[in-house]
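Undergrad: Just so we're on the same page, our numbering is the position in the sequence shown counted from 1, plus 6.
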Amino acid sequence: MANSESKTQPGLGPVGDGAFGSTTVSSNKKTPKAKPIRNVETVAIHSMRNLHWDGVGSLSIGYNIVTEAQAEKWLTNKHTRLATPEEVAGAYRN
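(1) Can you tell me which of the three DSSP states residue 38 falls into?
(2) Just to confirm my understanding: we take residue 67, look at its own chain, exclude 5 residues before and 5 after, and list those with CB closer than 8 angstroms. What are they?
(3) Please name the residue or residues paired with residue 58 in a DSSP beta bridge.
(4) Tell me the DSSP secondary structure of residue 2 in three-state form.
(5) Nearest to residue 17 by CA position, among 26, 31 and 36, is which residue?
(6) Below 7 angstroms between beta carbons: does that hold for residue 72 and residue 46?
(7) Where does residue 7 sit, in a helix, a strand or coil, going by DSSP?
(8) I'd like the list of long-range same chain contacts for residue 62, defined as Cβ closer than 8 angstroms, with 5 residues on each side in sequence excluded.
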């Protein structure tokens, strides 16, 4: 029986000649990943063309999520417009 300090625990594993049976296996305790903290506000923009702007980024045809700072620059382009949350939700609803 494995104690709480051991790094092995009872389980199934190969015991010989390709057969599986009861053995001890190393415990693989997964540590939960920390969620990244996002303090940056985002904006949805619709683009009618694939666009690239050095220092700002790239947009694909359709809806794109960008930061507010990028949105200020992208909205000066005649091929982009601000998209509402309802519009974006409607486009991705099945």
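Heads up, the beta-carbon is just placed ideally off N, CA and C, and yes, glycines get one too. Keep in mind that this is a model prediction, so the values were computed, not measured.
TA: Well, looking at it:
(1) coil
(2) 53, 54, 55 and 56
(3) 64
(4) As displayed, the chain neither begins before 7 nor continues past 100, which places residue 2 out of reach and without an answer.
(5) 31
(6) no
(7) Caution applies to residue 7, whose pLDDT of 48 falls short of 50 and renders its modelled position unreliable; the model cannot decide the point.
(8) 76, 79 and 80
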